[in-house]
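Chains as they are written, first to last, in our numbering: chain A, 72 to 182; chain B, 7 to 119. All residues carry an ideal CB built from backbone N, CA and C; glycine is no exception. If you're wondering where the values come from, they're calculated on a predicted model, not measured in any experiment. One structure is given here, and the rest of the page talks about it.
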Amino acid sequence: LAKTTQPISMDSYEGQEVNITCSHNNIATNDYITWYQQFPSQGPRFIIQGYKTKVTNEVASLFIPADRKSSTLSLPRVSLSDTAVYYCLVGDHNYGQNFVFGPGTRLSVLP
Amino acid sequence: DGGITQSPKYLFRKEGQNVTLSCEQNLNHDAMYWYRQDPGQGLRLIYYSQIVNDFQKGDIAEGYSVSREKKESFPLTVTSAQKNPTAFYLCASRGPGTAYGYTFGSGTRLTVV
Numbered sequence: 072l073a074k075t076t077q078p079i080s081m082d083s084y085e086g087q088e089v090n091i092t093c094s095h096n097n098i099a100t101n102d103y104i105t106w107y108q109q110f111p112s113q114g115p116r117f118i119i120q121g122y123k124t125k126v127t128n129e130v131a132s133l134f135i136p137a138d139r140k141s142s143t144l145s146l147p148r149v150s151l152s153d154t155a156v157y158y159c160l161v162g163d164h165n166y167g168q169n170f171v172f173g174p175g176t177r178l179s180v181l182p
Numbered sequence: 007d008g009g010i011t012q013s014p015k016y017l018f019r020k021e022g023q024n025v026t027l028s029c030e031q032n033l034n035h036d037a038m039y040w041y042r043q044d045p046g047q048g049l050r051l052i053y054y055s056q057i058v059n060d061f062q063k064g065d066i067a068e069g070y071s072v073s074r075e076k077k078e079s080f081p082l083t084v085t086s087a088q089k090n091p092t093a094f095y096l097c098a099s100r101g102p103g104t105a106y107g108y109t110f111g112s113g114t115r116l117t118v119v
């Protein structure tokens, strides 16, 4: 599994765009990049997944450069309710791989 | 709606007791997982099962046991051998292929009293 590195914490203000970058230098050809969000005392929930270029859904955008050695989760116009921990996972979602949820990035949105 | 149900939400255990955490899914997922989360930390894998009647140890299996008699159910027993069981326990399942990530339950918070 590709090792990932992401900031431990970030602060933002309501209404701002937040970008969280994840480094994954040893990503493999078959690996996808998946982001999860976890609120306190809840299980993580899937936000977005991508392989290359840009993916956008109703919650976020995911930007992946051509070399795929990093990815950026973009949250547009954050609100207080976006305060959570965000995890970046890289791998091939076949059953043989068990993903490691590291400490993630703790995002605090301030009023 | 399909999903994963964990129960109870809160559980208190006395020293020396075994307790069992329930996890049920109706997503028809083959793979199921148990994770432990300590305050401010990531998730650590306890046990996982990729098919009925089969399961493997994760990174921190000591003091825990599981069974997988039905596809829908993957209960976790925290035994008295687990010296520091106070934590947040999360159950997850996963479907096939790269289009599917993990689906998590809402967790069980276990406290030793």
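Item to complete: Return the CA-CA distance between B/Ser112 and A/Arg139, expressed in angstroms with no decimal places.
Response: Between the C-alpha atoms of B/Ser112 and A/Arg139 there is a straight-line separation of about 32 Å.
Fill in: Length of the line joining the Cα atoms of B/Gln56 and B/Pro14
24 Å
Practice prompt. Determine, using beta carbons only, whether A/Arg116 and B/Phe61 come nearer to each other than 8 Å.
Written response: no
Worksheet item: Per DSSP, what kind of secondary structure is A/Asp153 in: helix, strand or coil?
Response: helix
Worksheet item: If you draw a straight line from the alpha carbon of A/Asn97 to that of A/Thr75, how long is it in whole angstroms?
Response: Between A/Asn97 and A/Thr75, the C-alpha separation is close to 9 Å.
Worksheet item: Based on the DSSP output, what are the partners of A/Arg177 in its beta bridges?
Response: A/Ser80 and A/Val156
Practice prompt. Spell out whether any CB of chain B is found under 8 Å from the CB atom of A/Thr105.
Written response: yes
Worksheet item: On the three-pair Cβ rule with 8 Å, is the segment 43-54 of chain B touching the segment 26-33 of chain B?
Response: no
Worksheet item: Quick one: does A/Gly172 have its CB under 8 Å from some CB of chain B?
Response: Checking the displayed sequence, the identity of residue 172 of chain A turns out to be Phe instead of Gly. By this cut-off, A/Phe172 is an interface position.
Practice prompt. Tell me, please, which residues DSSP counts as bridged to B/Lys76.
Written response: Residue pairing by DSSP places B/Lys76 opposite B/Ser79 in a beta bridge.
Discussion item. I'd like the list of long-range same chain contacts for A/Arg148, defined as Cβ closer than 6 Å, with 5 residues on each side in sequence excluded.
Written reply: Gly86
Worksheet item: Under a CB-based cut-off of 8 Å, is A/Phe117 close to chain B?
Response: True, the Cβ-Cβ gap to chain B drops below 8 Å.
Worksheet item: Which chain B residues sit within Cβ distance under 9 Å of A/Gln108?
Response: Within 9 Å Cβ-Cβ: nothing; A/Gln108 doesn't reach chain B, min ~11 Å.
Discussion item. Given a cut-off of 8 Å on the beta-carbon distance, is the pair A/Leu178 and A/Tyr158 in contact?
Written reply: no
Discussion item. Contact criterion: CB-CB distance below 8 Å. Does B/Ser28 meet it with respect to chain A?
Written reply: no
Worksheet item: Within 10 angstroms of its Cβ, does B/Gln23 collect 16 or more other Cβ (buried), or is it exposed?
Response: exposed
Worksheet item: Between the C-alpha atoms of A/His95 and B/Gly107, what's the straight-line distance to the nearest angstrom?
Response: 18 Å
Worksheet item: Within the 8 Å Cβ cut-off, does B/Phe110 reach chain A?
Response: yes
Discussion item. Run through chain A and tell me which residues come within less than 8 Å of B/Tyr53, C-beta to C-beta.
Written reply: Residues of chain A passing the Cβ test: none, with the nearest at roughly 10 Å.
Worksheet item: Interface residues of chain B around A/Gly175 at Cβ under 7 Å?
Response: Gly48
Worksheet item: Once you ignore the five residues that flank A/Gly121 on each side, which residues in its own chain have a CB closer than 6 Å to its CB?
Response: Ile104, Leu133 and Ile135
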